[in-house]
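Encoded as structure tokens, the structure appears first; notes follow it.
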Amino acid sequence: MAAAAAVALLTCGAAGAQESRSPRTPNGRADLSGIWRSASNRFLNDLAAGASEVALTPWAAALYKERLASNGKGRPSERCLPRGVPGVMLAREQPWKIVQTPGAVIILFHESLHFRQIFTDGRAFPADSAPSWFGYSVGRWDGETLVAETVGLNEETWLDERGHPHSDALRVTERFRRPTPGAMDVDITIDDPKAYAKPWTVTVRFERVAGDALGEEVCAIRPAA
Numbered sequence: 001m002a003a004a005a006a007v008a009l010l011t012c013g014a015a016g017a018q019e020s021r022s023p024r025t026p027n028g029r030a031d032l033s034g035i036w037r038s039a040s041n042r043f044l045n046d047l048a049a050g051a052s053e054v055a056l057t058p059w060a061a062a063l064y065k066e067r068l069a070s071n072g073k074g075r076p077s078e079r080c081l082p083r084g085v086p087g088v089m090l091a092r093e094q095p096w097k098i099v100q101t102p103g104a105v106i107i108l109f110h111e112s113l114h115f116r117q118i119f120t121d122g123r124a125f126p127a128d129s130a131p132s133w134f135g136y137s138v139g140r141w142d143g144e145t146l147v148a149e150t151v152g153l154n155e156e157t158w159l160d161e162r163g164h165p166h167s168d169a170l171r172v173t174e175r176f177r178r179p180t181p182g183a184m185d186v187d188i189t190i191d192d193p194k195a196y197a198k199p200w201t202v203t204v205r206f207e208r209v210a211g212d213a214l215g216e217e218v219c220a221i222r223p224a225a
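Here it is, written out as structure tokens:
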């Protein structure tokens with residue numbers, strides 16, 4: 001009877017370990033696919049909220065102060081313009097879907113039907129890529145973690161709704177990892193020597209959303225009454 005109890009305990013432990021282990025793709029990579037949303041709007045409102053130190057350069061500090069004084073007037077999102085990277089992922093009410101292929105990770109967004117492409121086929125950044133709302137992203141696997149680097153972001157985007165600025169020198173590094181089937185953590189590093197004295201990093205938690213159908217939302221600027 002004691003032996004049977006021990007076997008049952010071992011069986012339950014193995015089952016629990018399997019349930020907590022994140023899914024894998026056929027080639028053995030961590031499977032990040034599915035629909036996700038931010039656990040809160042904390043980092044959408046203030047990306048620096050979780051950073052230990054964020055030191056702005058004089059140019060960036062002046063611009064940030066101006067945006068704070070105007071209560072964020074003119075932010076891209078109020079004009080139906082893309083939030084950029086990483087802002088496009090940070091609104092809790094705006095889920096997004098990862099489609100994972102051998103050569104690229106595609107992110108489809110509920111918000112205004114935007115999309116991102118993170119190429120994982122070993123390519124380098126193009127030498128003459130024009131600046132764009134979501135930049136150009138290349139990725140690689142570091143064990144269980146997808147490491148994505150993005151450059152070429154145009155200067156019209158804000159890092160958050162408060163107005164943290166960036167320049168054309170911005171490089172965003174994201175480290176996607178799935179500690180449990182229902183959660184994803186993304187370490188976001190902001191590296192912009194024109195706007196910040198040194199790089200800074202925050203970790204954002206995302207939650208898995210049930211189902212596989214992503215809805216759509218089309219942004220429309222409503223005329224003043």
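Residue numbers (this note's numbering): 1 to 225.
Think of the CB as a built atom: it goes at the ideal place given N, C-alpha and C, for glycine as much as any other residue.
Of the listed residues Pro181, Val202, Met184 and Gly182, nearest to Pro191 (C-alpha basis): Position check: residue 191 holds Asp in this sequence, whereas Pro was assumed. Taking only the C-alpha atoms, the option nearest Asp191 is Val202.
DSSP beta-bridge partners of Thr201: Answer is Thr189.
Short Cβ contact (8 Å threshold) for Arg178 with Ala30: Cβ distance < 8 Å, so Arg178 and Ala30 count as in contact.
Length of the line joining the Cα atoms of Asp168 and Asn154: Taking the straight line from one Cα to the other gives about 6 Å.
Contacting residues, own chain, Cβ-Cβ under 6 Å from Arg79 (five flanking each side not counted): Taken in chain order, the list of residues that qualify is empty.
Which residues DSSP lists as bridging Trp96, in chain order: DSSP lists Trp36 and Phe109 as partners of Trp96.
Contact check, Phe134 vs Gly84, beta carbons under 8 Å: A contact, by the Cβ cut-off of 8 Å.
Residues of its chain near Thr234, where Cβ-Cβ distance is below 7 Å and the 5 sequence neighbours each way are ignored: Look at the range of the chain in this structure, 1 to 225, and you will see that residue 234 is not part of it.
Contact under 8 Å by Cβ, Ser33 with Ile98: In terms of Cβ geometry, Ser33 and Ile98 form a close pair [threshold 8 Å].
Residue burial classification, Pro82 (beta-carbon count within 10 angstroms, cutoff 16): Pro82 comes out buried.
Alpha carbon of Phe206 to alpha carbon of Pro26, nearest angstrom: Cα-Cα distance, rounded: 24 Å.
Supposed contact pair Gln94 and His110 - C-beta distance, whole angstroms, cut 8 Å: Yes, they are in contact, since the Cβ atoms of His110 and Gln94 sit about 5 Å apart, within 8 Å.
Buried/exposed call for Ala91, threshold 16 Cβ in 10 Å: Residue environment analysis places Ala91 among the buried positions, since at least 16 neighbouring C-beta atoms fall within 10 angstroms of its C-beta.
Helix, strand or coil at Ala62 according to DSSP, with G and I counted as helix: Note: Ala62 maps to helix in three-state DSSP.
Distance between Leu113 and Asp212 (C-alpha atoms, nearest Å): Roughly 16 Å separates the two Cα atoms.
Boundaries of the beta strand (DSSP E) in which Arg177 is found, first to last residue: Its beta strand (DSSP E) spans residues Arg171 to Thr180.
Where the alpha helix (DSSP H) through Phe43 begins and ends: Unbroken alpha helix (DSSP H) run through Phe43: Arg42 to Asn45.
Beta-bridge pairing of Thr145 - partner residues as DSSP gives them: Answer by DSSP bridge pairing, in chain order: Asp142.
Assumed close pair Gly229, Arg75 - CB separation to whole angstroms, cut-off 8 Å: Nothing in the structure corresponds to residue 229, since the chain is present only between 1 and 225.
Span of the beta strand (DSSP E), counted from its first residue to its last, around Phe119: First-last of the beta strand (DSSP E) with Phe119: Phe115 to Phe119.
Reduced DSSP category for Ala183 - H, G, I as helix; E, B as strand; rest coil: DSSP places Ala183 in the strand class (E or B) of the three-state scheme.
Beta carbon of Arg171 nearer than 8 Å to that of Trp36: No, the pair does not count as a contact, with Cβ atoms beyond the cut-off.
Alpha-carbon to alpha-carbon, Glu66 and Lys73: Taking the straight line from one Cα to the other gives about 10 Å.
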